[in-house]
Amino acid sequence: MSGADLTVRALPPLPEVRPGDDLAALLTAAHPAPFPDDAVLVVSHKVVSKAEGAVVRLADVVPSPRARELARELDKDPAVVEVVLGQTREVVRARRGVLICRTHHGFVAAHAGVDGSNVAAGSVVTLPVDPDASARRLRDALPGRPAVVIADSFGRPWRHGQAEVAIGCAGLVALDDRRGQADREGRELLATQIAIADHVAGAADLARLKDDGRPAVLVTGLARWRTDEHGPGAATLRRAADEDLFGAA
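Using our numbering, the first residue of the sequence shown is number 3, and each one after it goes up by one.
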């Protein structure tokens, strides 16, 4: 199988997205032509969350005793910590000013993905309730039904810096499982699983800046991984808690 020649292009800036906005209509206006057959549209989770109303005014939050305790330990705003706990199935670590949490979705992320950047002062944005379902709805509403990846920035164990990963996906093979196939020497591949959706999310991030108002990136050249069906989504990328090798479970 030969490699793919990719093109990666950020769509024009969108207007500020607010709860209840028709995100598909905004994206269609930014790209009025039908999307190509081999296209994947990578969309920042922030605009998906905003459109779905996943925005919390901190003034409306009443911190619990647990949130106040953690806020004192970590030197954080108790209201923010309360929002984080509301998104959390399990606090994995709480140290050095950071809460590492397993979210209700099963993601392990700093502050459960709760983010105060690029949002009105005094508010924070949470992750979509079901990012794969969000990707499916968005795909069905877009002309040409491009594959859709919803991306967010995650830290990586043992690595500095953040990288984009897919938290939602529709119409794309998210995980290319090559176990049981042979390498060039005929040896069986025992562990090779390629995180296609994460690679696409990372490539898209290189085509835009975090503050330039361009939350959507079109990636073409991915026909081999495109699917007519929505598929199982980015859920296939999440490692189950009982597979944790470092004690996070």
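We put the CB at the ideal spot given by N, CA and C, even for glycine.
- For E75, the enclosing alpha helix (DSSP H) has its first and last residue at 67–76.
- Distances from the alpha-carbon of G235 to those of R161, R158, D132 put D132 closest.
- Distance from the CA of D178 to the CA of I198, rounded to the nearest whole angstrom, comes to 6 Å.
- Residues of the same chain with a CB within less than 8 Å of the CB of T105, apart from the 5 flanking positions on each side, are Q89, T90, R91, A111, A114, G115, L129 in chain order.
- Comparing C-alpha distances from G22 to each of D79, A53, V42, L208 shows the shortest one belongs to A53.
- Our two residues, R138 and L208, have alpha carbons roughly 24 Å apart in a direct line.
- Each residue's CA atom was taken as its position, placing L211 and V202 some 16 Å apart.
- Sorting Q195, G146, A153, G188 by C-alpha distance to the C-alpha of A165 places A153 at the top.
- The C-alpha of A135 is placed about 25 Å away from the C-alpha of P14.
- Nearest C-alpha to V64 among P80, L29, L72, G55: P80.
- Here DSSP, grouped into helix, strand and coil, assigns G55 to coil.
- For V167, the CB contacts under 6 Å within the same chain, skipping 5 residues up- and downstream, are F156, D200, A203 in chain order.
- Within its own chain, the residues whose Cβ lies closer than 7 Å to the Cβ of V121, once the five positions on either side in sequence are excluded, are V57, V127, listed in chain order.
- Rounded to whole angstroms, V42 and H162 show a C-alpha spacing of 28 Å.
- In this structure, the beta-carbon distance from A149 to G173 falls below 8 Å.
- Here P34 is actually not in contact with G146; their C-beta atoms are around 11 Å apart, not less than 8 Å.
- With fewer than 16 other Cβ atoms from the protein chains shown falling within 10 Å of its own Cβ, P159 counts as exposed.
- A Cβ-Cβ separation of about 5 Å places V219 in contact with V44 under the 8 Å criterion.
- The shortest C-alpha to C-alpha distance from S66 to any of H232, V100, L87, L101 is the one to L87.
- Within the same chain, D40, A149, G173, L174 come within 7 Å of R228 by CB-CB distance, once the 5 residues on both sides are set aside.
- Taken in chain order, the unbroken stretches of alpha helix (DSSP H) that lie wholly in the stretch 180–229 and span 4 residues or more are 198–207.
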